[in-house]
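In the numbering used here, the protein residues as written are 28 to 199.
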């Protein structure tokens, strides 16, 4: 898979907007946490249908959990902590990590998993993801990033676009 080619195609997909995530990441780093409203906006970027669940979280919990994410270095722990918030499963949580550190993290979902499977990095299809699945995906994504000079986030976007182009039939 040619990362540059599929990055160019990413703009034609309905994926999360990289410039929006970059702005959230900047806010996150400046503030040291994210507010419930900011989390809602990120969740809405990722999944408009389930974003409303974010509003069930107490404001102080949102700020505490996201501040705590900054203190962790472990991918599993970061995703696991974020998925403790209502409205955040691993794919939506990955948006927060990709916003925070696009060099190390990527937005992952069914399309990214399918591309990694199609390219021989993973074995089998998957429809839902947890923290362990994020760790499984981010390893090969980082390997591709290291081999190509792109960030992990860029590789994730390219893998998403690759699946959009290569998939036959419906997504689910």
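C-beta atoms are modelled at their ideal positions from N, C-alpha and C, and glycine is treated no differently.
Remember, it's a predicted structure, so these values are computed and weren't measured experimentally.
Alpha-carbon spacing of residue i relative to residue j, whole angstroms
i: residue 135; j: residue 159; result: 12 Å
i: residue 186; j: residue 116; result: 20 Å
i: residue 106; j: residue 147; result: 24 Å
i: residue 143; j: residue 149; result: 6 Å
i: residue 199; j: residue 154; result: Residue placement at residue 199 is flagged as unreliable, the pLDDT there being 48, under the threshold of 50; a coordinate-derived value is accordingly withheld.
i: residue 111; j: residue 92; result: 9 Å
i: residue 195; j: residue 139; result: 15 Å
DSSP state of residue i mapped onto helix, strand, coil
i: residue 83; result: helix
i: residue 53; result: helix
i: residue 90; result: helix
i: residue 133; result: coil
i: residue 194; result: coil
i: residue 144; result: helix
Contact under 9 Å by Cβ, residue i with residue j
i: residue 132; j: residue 180; result: yes
i: residue 191; j: residue 62; result: no
i: residue 52; j: residue 127; result: yes
i: residue 45; j: residue 37; result: yes
Own chain, CB closer than 7 Å to residue i, minus 5 neighbours either side, in chain order
i: residue 177; result: 30
Candidates the options: closest to residue i by CA position
i: residue 108; options: 96, 65 and 88; result: 96
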